[in-house]
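Asker:
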Amino acid sequence: MSEGPKICGACNENIPNHWVIGLDKFWHQDCFCCGVCGRVVDAKETFYEKDGKPVCHRCQTKNFVEKCGVCQEPIIGNRMIYKDIHYHYTCLNCKKCGQPFKEEQHDQIKILENGDFVHDNC
Ligand SMILES: [Zn+2]
Ligand SMILES: [Zn+2]
Ligand SMILES: [Zn+2]
Ligand SMILES: [Zn+2]
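Here it is in structure tokens:
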């Protein structure tokens with residue numbers, strides 16, 4: 006059974022051996038580079054796609070991270086997501102008691118039909 010030539014998704018050259026598979030294409034190991042910083046991406050690490058090229062996790066976090074719907078600062082890590090808008094927990098206040106939420110309280114946050122966030126027990 007012949008597997009046919011492996012053509013690199015970046016340079017379109019034949020890959021004799023040591024190819025990597027990513028984004029449904031074959032790549033030379035050295036050609037599988039982050040489209041933003043140019044760093045060689047290990048196909049086993051977490052990466053994303055932009056314009057048919059891999060984007061490494063670091064660049065993805067830096068360039069395409071969601072911004073908080075309240076303070077407009079980027080959100081790394083835990084966030085509250087409501088209707089595709091991301092929020093820092095600490096940027097949200099309970100509409101009833103006025104206290105900000107804490108990350109560890111996330112299962113106590115209730116979202117009312119009008120979009121207000123309240124403590125479950127408020
Ligand atoms: Zn190549
Ligand atoms: Zn990168
Ligand atoms: Zn915020
Ligand atoms: Zn409250």
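Everything in the sequence shown is counted per our numbering, starting at 6 for the first residue and increasing by one. Think of the CB as a built atom: it goes at the ideal place given N, C-alpha and C, for glycine as much as any other residue.
Please state the DSSP three-state secondary structure of His-62.
Answerer: helix
Asker: CA-CA distance, Ile-20 and Gln-65?
Answerer: Whole-angstrom Cα-Cα distance: 28 Å.
Asker: Count the other CB atoms, across all protein chains shown, that sit within 10 Å of the CB of Arg-84; report buried if there are 16 or more and exposed otherwise.
Answerer: buried
Asker: Could you tell me if the beta carbon of Ile-81 falls within a distance shorter than 8 Å of some heavy atom in ligand 3?
Answerer: no
Asker: Taking C-alpha atoms, which residue in Gly-40, Glu-50 and His-62 lies nearest to Asp-56?
Answerer: Checked all of Gly-40, Glu-50 and His-62; the closest Cα to Asp-56 is Gly-40.
Asker: Thinking C-alpha only, which one of Val-60, Ala-15 and Pro-105 is nearest Val-75?
Answerer: Pro-105
Asker: My guess is that Val-45 and Phe-52 are in contact by the Cβ rule of under 8 Å, so how many angstroms apart are they, rounded?
Answerer: Not quite, the Cβ-Cβ distance comes to about 11 Å (not below 8 Å), so this is no contact.
Asker: On the three-state DSSP scale, how would you describe Gly-14?
Answerer: coil
Asker: Look at the Cβ atom of Lys-107, then the Cβ atom of Asp-121, and state whether they are nearer than 9 Å.
Answerer: Using a Cβ distance threshold of 9 Å, Lys-107 and Asp-121 do not count as a contacting pair.
Asker: Is the closest heavy atom of ligand 3 to the C-beta of His-93 under 8 Å?
Answerer: yes
Asker: Tell me which residues share the same chain as Gly-14 and place their Cβ nearer than 6 Å to its Cβ, disregarding the 5 neighbours each side in the sequence.
Answerer: Around Gly-14: Lys-30 and Trp-32.
Asker: Judging by CA-CA distance, which residue of His-124, Cys-16 and Tyr-94 is the nearest neighbour of Lys-72?
Answerer: The shortest Cα separation from Lys-72 among His-124, Cys-16 and Tyr-94 belongs to Tyr-94.
Asker: Report the residue ranges of all alpha helix (DSSP H) runs contained in full by the region 19 to 81; include only those spanning at least 4 residues, in chain order.
Answerer: 62 to 68
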